[in-house]
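Worksheet: one structure, shown below.
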Amino acid sequence: MTVSERAHELAMAAAQAAADKKAQDIVIIDVGDQLAITDAFLLAAAPNERQVLAIVDAIEERLLELPEKAKPVRREGERGGRWVLLDYVDMVVHVQHTEEREFYALDRLWKDCPQIPFVDRDLVEAEAAAAGTAPAE
């Protein structure tokens, strides 16, 4: 894996922030071997423009709360709300409307790059709670 510790930290925090806002199809791709300009892409989708913007806001807020705060050096596409790009240098976030996500298929474009596993902590907690309350056999 070529992702720096900082890129990994940013990607995980951003992915959890997106998951907390009900983002869909969250994927983190290690593009460090293919691109010199960044280490990772975070891809997320939402069914409407309002939710795309809410996810973007949540990501920005979460990354500003990190011990080593992170602000995007570039922000694109916010006006339309269909595809917003946040460039954090170490990581680039793409939050897309579901239609754009399917049409542009960045996952397929970067399919030769390894994915970095991400599991929504709320799902883990829900599964643990369900397992704890399940009757013993």
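Residue 100 in the working numbering sits at position 107 of the sequence shown, and the numbers go up by one each step. For glycine and all other residues, C-beta sits at the position ideal for the given N, C-alpha and C.
- In this structure, DSSP gives residue 22 an extended state, which the three-state scheme calls strand.
- Around the Cβ of residue 115, a 10 Å sphere holds fewer than 16 other Cβ atoms; the residue is exposed.
- Around the C-beta of residue 55, 16 or more other C-beta atoms lie within 10 Å, and the residue is accordingly described as buried.
- From the listed residues 125, 53, 36, the smallest Cα separation to residue 24 is found for 36.
- Shown here, residue 30 sits in coil according to DSSP, grouped into three states, outside any helix or strand.
- Between residue 78 and residue 86, the beta carbon gap of about 7 angstroms places them in contact (Cβ cut-off 8 angstroms).
- The criterion of a C-beta distance shorter than 7 angstroms is satisfied by residue 38 and residue 94.
- The three-state reading of DSSP puts residue 58 in coil, since its state is none of H, G, I, E or B.
- Excluding five sequence positions before and after residue 74, the CB atoms of its chain that fall closer than 6 angstroms to its own CB belong to 42, 45, 46, given in chain order.
- Scanning 63, 50, 102 for the CA closest to the CA of residue 71 turns up 50.
- When the alpha-carbon of residue 29 is set against those of 18, 121, 83, 4, the nearest one is in 83.
- In the structure shown, residue 105 adopts coil according to DSSP, grouped into three states.
- Beyond the five residues adjoining it in sequence on each side, residue 100 comes within less than 7 angstroms, by CB distance, of 20, 36 in the same chain, given in chain order.
- In the structure shown, the three-state DSSP call for residue 39 is strand.
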